[in-house]
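Protein chains in written order, with the numbering used here: chain A, 1 to 422; chain B, 423 to 718.
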Amino acid sequence: MKIVLALFIALWLGTEPAAPAELRFVTWQPDTAWVWDQAIAEFEARHRGVKVVREVGPHSSTEFHDLVTQKLRNRDTEMDVFFMDVIWPAEFGAAGWALPLDQFFPVAERQSFLAAPINANSYDGRIYGVPVFIDAGMLYYRKDLLDKYDLPPPRTWPELVGQAKLVLSRERDPYLIGYSAQFKQYEGLVCNMMEFIMSNGATLWNEQTLRSTLNDAKAKEAVRFVRDQVIGAISHRGVLAYQEPESLALFTQGKAIFHRNWPYAWEAANDPQRSKVAGKVGILPLPAFHGQKSVATLGGWQLGISRFSRNPQLAWQFVEHMTSNEMQKRIALYTGRGPARKALYRDPEILKKNPQFESQYETFVLAAPRPRTPVYLPLSNIMQRYFSSAIAIRDSDIDRLAGSASREMDRVLDLLRGRSQP
Amino acid sequence: MKNSQDPVWRFLLPSFVFVLLFSLYPILDSFRLSLYRMILTLPWLGQKFVGWENYRDLATDPVALGSLATSMIFVAVTTPIEVLLGLAMALVLNESFRGRGWLRAVVLVPWAVPTVVSSQMWRFIFNDRYGLFNYLLFGDATDRYWAPLAEPGLALMSIMVADIWKTSSFAALIILAGLQVIPRELYEAASVDGATAWQKFRHITLPLIKPALLLALLFRTIDALKVFDLVFVMTQGGPADTTNVLQFYGYKKIFAEGMIGYGSAIAVVVFLISLLLSIFYIRLLGSGLLAKERRT
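Here is the structure:
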């Protein structure tokens, strides 16, 4: 017994941080790994004796969320720095999981970032993350096919549907579809549907009254449009099981006329190694409905620091390094992701490689956030169920589904009442 | 005479402590948590004792009731098929023929593959563009290709197929064990009496493997009720929420939404259903065993 106890103590002492400067970074496997490897190596070189240990989680936002929140719930002191999807800072801040970064990240410094991601990282008057790159929904299209039939790039959704129908009927290719996007029941569905709804002048919720607005006529009209004019009309029903990779693969194989995706798809679609349509791709802001404005969902990833980190000072130095001007420039250059720092949209080197950043700057600036609230995940699950039921069932009763989804959302939002909203 | 000196108790103690620590304690703690309103992302609400409120909410939550129905359909369809297929496989594997050992190993492969891997494999098979499923059905007629995982009417069935493929061999393993303890003499005696193969199966094999069959059914029912990984990898509950089984719903409540109290109530309900089913099967099983003891 004594021996066992002694062993235990030895082991326990053994796992105490031998070198005080080990930093655990919970990340996902990036597409262009060397950019990140290099940045981490530079950080280690600059801070002698510091070792950055990477823990690689799943790339899916939902699954990554489960991993990170499990560590935070358990008050895991091992994890220092982690990636956050743009929809999490409010939740992590409210739950007391993410360290408020106000002392490190002064308001003046925040000015050099785009306002949308800074707002997304703020909750209740504090800031919980530093944006690494931002995403916004974009429309990719086959320039060659549109030119072939003398069609102008579409500005409205009905125009897009009409053009797709025309090209499909002329091309007579059974593999070709009109619109490839993310319609599986998961977080991406909310992003896609929100773009349809908001570009019809409607919203998902009212931030002031804390009420769902999914039951408004305009919101339902947009959902009905997707069910009747997109799914099963210009898209095959397979898109109902698509996330980003599947929908992009279809486009890069030359089997989709229009494609909705994040900015990284530009790089992938124009790489002759990976894409059969390299050089034939155009990019546009997403269409809108008649008389309305185009809306792109704001996405993107931030770095946050765990409140249970033993070394927040060093963690901050790492975050600062990874979100520096230099680093964001490299991410923009080599991965095609939109930088979060404003100045980089005027950087000649970046614009030479990614000319679309200049024309898309406004899309990035105006990108619409998903509801910023600590109960975003329950709201999102309700919306995912609603949207998927509404568009996947051919004769769905959208009025009834929208009514019950909206009531369910209101019940969740009721939990926030009695506490002043930021 | 049983007292603390009795060595039996000392031998039983370790497993008793193990069960207490790793089974009973989590169950009781889940039950305790299910009586609270506790939402991790809203810490200011605190941990409030709400009695049966979570259970009352659950009884009127259309999503939960839908999930329960989905789980029940899943159990009702997959378990009988798995046990029947398992029986068929076990009967074949119990015969002596060349390469039997090799075949026995092969049959177990689906069961040995981690579910996450096989789920991913089935996701590819059911892919709407390059999946093997479509190629076998329609060949090059790509305009007729189906998207099983995208159709509300087919997604659950696709997951059932993946589950049946994977776990039938597990049922076969248990039934095979039951077959192997049947004494040869019984069959020989039956042959002497001129019994047909069917009569031998009906009057010797089936009664004697009843405990094994029930055991396979019990294991498969409980496992099917708790199906999670297939849904997690293949559909995430969609499309139109048609594959949102109860266990997956509970997982989402606790792990994604941080609703500890409500999610625990779901976990307790899943536990109670498996407990009831287990008691039911064990009584069937027990009566079979008791009857056998009386005969001897």
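Glycine residues also receive a C-beta, built at the ideal position from the N, C-alpha and C atoms.
Does any CB atom of chain A fall closer than 7 angstroms to the CB of proline 465(B)? Indexing the second sequence from 1 puts residue 465(B) at position 43. Taking 7 angstroms as the threshold, the shortest C-beta distance from proline 465(B) to chain A falls below it.
Would you kindly work out how many angstroms separate the C-alpha atoms of serine 452(B) and valine 690(B), rounded to a whole number? Stepping through the second sequence from its first residue, residue 452(B) is reached at position 30. Stepping through the second sequence from its first residue, residue 690(B) is reached at position 268. When rounded, the distance between both Cα atoms is 7 angstroms.
How many Å lie between alanine 45(A) and glycine 300(A) at the Cα? Taking the first residue of the first sequence as position 1, residue 45(A) is located at position 45. Taking the first residue of the first sequence as position 1, residue 300(A) is located at position 300. Rounded to whole angstroms, alanine 45(A) and glycine 300(A) show a C-alpha spacing of 28 angstroms.
Quick check on leucine 768(B): buried or exposed, where buried means 16 or more other Cβ atoms within 10 Å of its Cβ? This structure does not reach residue 768(B), given that chain B is present from 423 up to 718, and the question cannot be answered.
Beta strand (DSSP E) containing isoleucine 350(A): first to last residue? As a first step, residue 350(A) is located in the first sequence; it is residue number 350 there, counting from the start. Isoleucine 350(A) -> not in any beta strand (DSSP E); alpha helix (DSSP H) instead, spanning 348–353.
Using DSSP bridges, identify the partner residues of isoleucine 231(A). For the purposes of this step, residue 231(A) is identified with residue 231 of the first sequence, where counting begins at 1. For isoleucine 231(A), the pairing in a beta bridge is given by DSSP as Ser235(A).
Need the endpoints of the alpha helix (DSSP H) that asparagine 381(A) sits in, please. Reading the first sequence from its first residue, position 381 is the one you call residue 381(A). First-last of the alpha helix (DSSP H) with asparagine 381(A): 376–392.
Leucine 462(B) versus chain A: which residues are under 7 angstroms apart at the beta carbon? Stepping through the second sequence from its first residue, residue 462(B) is reached at position 40. Result: Arg73 and Ala95.
Chain A within 7 angstroms of arginine 432(B), Cβ atoms only: As a first step, residue 432(B) must be located in the second sequence, where it is residue number 10. At a cut-off of 7 angstroms between C-beta atoms, arginine 432(B) does not count as an interface residue with respect to chain A.
Segment contact flag, the region 329–341 of chain A with the region 103–117 of chain A, C-beta cutoff 8 angstroms, min 3 pairs: Yes, the region 329–341 of chain A is in contact with the region 103–117 of chain A.
Got a sec: is the Cβ-Cβ distance from aspartate 483(B) to anything in chain A below 7 angstroms? Numbered from 1 along the second sequence, position 61 holds the residue referred to as residue 483(B). So no, aspartate 483(B) is outside the interface.
Using a Cβ-Cβ distance under 7 angstroms, would glutamine 229(A) count as near chain B? The residue you call residue 229(A) lines up with position 229 of the first sequence. No, glutamine 229(A) lies away from the interface with chain B (no Cβ there is under 7 angstroms from its Cβ).
On the three-state DSSP scale, how would you describe arginine 454(B)? The residue given as residue 454(B) occupies position 32 in the second sequence. Helix, per DSSP.
The region 450–467 of chain B contacting the region 666–686 of chain B, beta-carbon criterion three pairs below 8 angstroms: By the Cβ test, the region 450–467 of chain B is in contact with the region 666–686 of chain B, since at least three Cβ pairs between them sit closer than 8 angstroms.
Beta-carbon proximity list for glutamine 469(B), same chain, < 7 angstroms, skipping 5 on both sides: The residue labelled residue 469(B) in the question sits at position 47 within the second sequence. In chain order, Tyr458 and Met460 place their CB closer than 7 angstroms to the CB of glutamine 469(B), counting only its own chain and leaving out the 5 sequence neighbours on each side.
Contacting residues, own chain, Cβ-Cβ under 7 angstroms from valine 655(B) (five flanking each side not counted): Translated into positions along the second sequence, residue 655(B) becomes position 233. Contacts found: Val538, Ser541, Gln542 and Arg545.
Locate the alpha helix (DSSP H) running through methionine 193(A), then write down its first and last residues. Indexing the first sequence from 1 puts residue 193(A) at position 193. Per DSSP, the continuous alpha helix (DSSP H) segment holding methionine 193(A) begins and ends at 187–198.
Under 9 angstroms by beta carbon: chain B residues contacting tyrosine 175(A): As a position in the first sequence, residue 175(A) is number 175, starting the count at 1. The contacting residues are Arg551, Thr564 and Asp565.
Which residues bound the beta strand (DSSP E) around valine 52(A)? Residue mapping note: residue 52(A) aligns to position 52 of the first sequence, counting from 1. Counting along the chain, the beta strand (DSSP E) containing valine 52(A) begins and ends at 51–57.
Going straight from the alpha carbon of tyrosine 141(A) to that of proline 58(A), what length do you get? Counting from 1 along the first sequence, the entry for residue 141(A) is found at position 141. Counting from 1 along the first sequence, the entry for residue 58(A) is found at position 58. The straight-line gap from Cα to Cα measures roughly 29 angstroms.
On the criterion of 16 or more Cβ atoms from any shown chain inside 10 Å, does serine 180(A) qualify as buried, or is it exposed? As a working mapping, residue 180(A) is identified with position 180 in the first sequence. Buried is the call here.
Mind pulling the alpha helix (DSSP H) runs of 4 or more residues that sit fully within the region 265–340 of chain A? The region 265–340 of chain A contains these whole alpha helix (DSSP H) runs: 312–322 and 325–335.
Can you grab the Cα-Cα spacing for the pair aspartate 479(B) / valine 485(B), in whole Å? Position 57 of the second sequence holds residue 479(B). Position 63 of the second sequence holds residue 485(B). Each residue's Cα considered, the two are about 11 angstroms apart.
Measuring CA to CA, which of Lys220(A), Arg126(A) and Arg172(A) is closest to serine 396(A)? For the purposes of this step, residue 396(A) is taken as the residue at position 396 of the first sequence. Among Lys220(A), Arg126(A) and Arg172(A), the Cα nearest to that of serine 396(A) belongs to Lys220(A).
Could you name the residues of chain B that glutamine 185(A) contacts, counting a contact when the two beta carbons are closer than 8 angstroms? Start at 1 with the first residue of the first sequence, and residue 185(A) comes out as number 185. Within 8 angstroms Cβ-Cβ: Thr657, Gln658, Gly659, Gly660, Pro661, Ala662 and Asp663.
Using the beta-carbon of each residue, which ones in chain A are nearer than 8 angstroms to lysine 674(B)? Residue 674(B) sits at position 252 when you count from the first residue of the second sequence. Under the 8 angstroms cutoff, chain A gives Asn381.
Taking three-plus beta-carbon pairs below 8 angstroms as touching, is the region 26–44 of chain A in contact with the region 631–644 of chain B? Judged by Cβ distances under 8 angstroms, the region 26–44 of chain A makes no contact with the region 631–644 of chain B, as fewer than three pairs qualify.
Is the shortest distance between the beta-carbon of glutamate 679(B) and the beta-carbons of chain A less than 7 angstroms? Start at 1 with the first residue of the second sequence, and residue 679(B) comes out as number 257. Among the residues facing chain A, glutamate 679(B) is included, as its CB has a counterpart in that chain under 7 angstroms away.
Short-range partners of chain A found in the region 573–591 of chain B, where Cβ spacing is below 7 angstroms: Along the region 573–591 of chain B, going in chain order, the ones with a CB nearer than 7 angstroms to a CB of chain A are Glu573 and Pro574.
Counting only C-beta atoms, is leucine 668(B) closer than 7 angstroms to chain A at any point? Residue mapping note: residue 668(B) aligns to position 246 of the second sequence, counting from 1. So, not an interface residue.
Output yes or no for whether 7 angstroms exceeds the beta carbon distance between glycine 188(A) and alanine 296(A). Working through the first sequence from its first residue, we reach residue 188(A) at position 188. Working through the first sequence from its first residue, we reach residue 296(A) at position 296. Contact check for glycine 188(A) against alanine 296(A) fails: the beta carbons are separated by 7 angstroms or more.
Boundaries (first-last residue) of the beta strand (DSSP E) holding leucine 636(B): Residue numbering aside, residue 636(B) sits at position 214 when the second sequence is read from its first letter. Looking at the DSSP string, leucine 636(B) is not in any beta strand (DSSP E); the run it does join, the alpha helix (DSSP H), is 628–647.
Whose CA, out of Ser580(B), Ala678(B) and Phe650(B), lies closest to the CA of proline 493(B)? Within the second sequence, residue 493(B) is the residue found at index 71, counting from 1. Looking at the sequence provided, one finds serine at residue 493(B) rather than proline. Closest by alpha carbon: Phe650(B).
Suppose you measure from the CA of phenylalanine 251(A) to the CA of alanine 269(A); what does that come to, to the nearest Å? Here residue 251(A) refers to the residue found at position 251 when the first sequence is read from its first residue. Here residue 269(A) refers to the residue found at position 269 when the first sequence is read from its first residue. A straight line joining the alpha-carbon of phenylalanine 251(A) with that of alanine 269(A) spans about 8 angstroms.
For phenylalanine 438(B) and serine 700(B), I'd like the C-alpha separation in whole angstroms. One-based indexing of the second sequence puts residue 438(B) at position 16. One-based indexing of the second sequence puts residue 700(B) at position 278. When rounded, the distance between both Cα atoms is 20 angstroms.
Any contact between the region 347–362 of chain A and the region 77–88 of chain A? By contact I mean 3 or more CB pairs, one from each, below 8 angstroms. Segments in contact, no.
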